[in-house]
Amino acid sequence: MSQRGKVTVLMFFFAVCGTAALVNYYWELKAERVKPVELYSIIYNQISAFHDDDFSRAYQQASSSVQQRFNIAQFADAIRADCAGIVNAERVEFGFIEAHGRHATIQVFLIDSDGQVTPCIYTLVSEGETWKIDSARVQRRWPAGARLGGLRS
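My numbering applies: residue 4 is where the sequence shown begins, and numbers increase by one.
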């Protein structure tokens, strides 16, 4: 093979590799694009359903793995027993979001009518075209009047 033929094959190889790298980069960017408003909406809808005592609507926001472990009655009992801070929330504020592929973690601050803050860590999973709540770890409650960091307008 001539030197010109070798250079042509080599350039073709680099072009194919470069194209593959760009396509892979594009797919990774597209896969990790999580819109925070989607996550906020799912969490807020479930908290709103808890507040309205509509556990069947809240159950619809739960992931398929949660729905396999609990029926609606068990789900409602578990929420009432373990998640009073979620059920009694008057206001919701959101913190950090960390997303990796089909999984997202979001910090949520639930504030009740007395001003007590209950921090939670929500884990969501992408199921098809929507996000579902896979777990909510309720943290120790903050005393009334505790301020959240950040700016207020």
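All C-beta atoms, glycine included, are put in the ideal place defined by N, C-alpha and C.
Query, Result
"Coarse secondary structure for residue 39, derived from DSSP in three states", "helix"
"C-beta atoms of residue 121 and residue 106 nearer than 8 Å", "no"
"Assigned secondary structure, residue 23 (DSSP; H/G/I helix, E/B strand, else coil)", "helix"
"Spatially closest choice to residue 115 from 19, 27, 54, 17, by CA coordinates", "54"
"For residue 51: DSSP bridge partner residues", "Residue 51 is not bridged to any residue."
"Exposure label - residue 99; buried when at least 16 CB within 10 Å", "exposed"
"Cβ-based burial, residue 40 [other Cβ within 10 Å; buried from 16]", "exposed"
"Length of the line joining the Cα atoms of residue 139 and residue 51", "15 Å"
"Beta-bridge partners of residue 11, as assigned by DSSP", "Paired residues: none, contrary to the question."
"First through last residue of the beta strand (DSSP E) which encompasses residue 107", "106-114"
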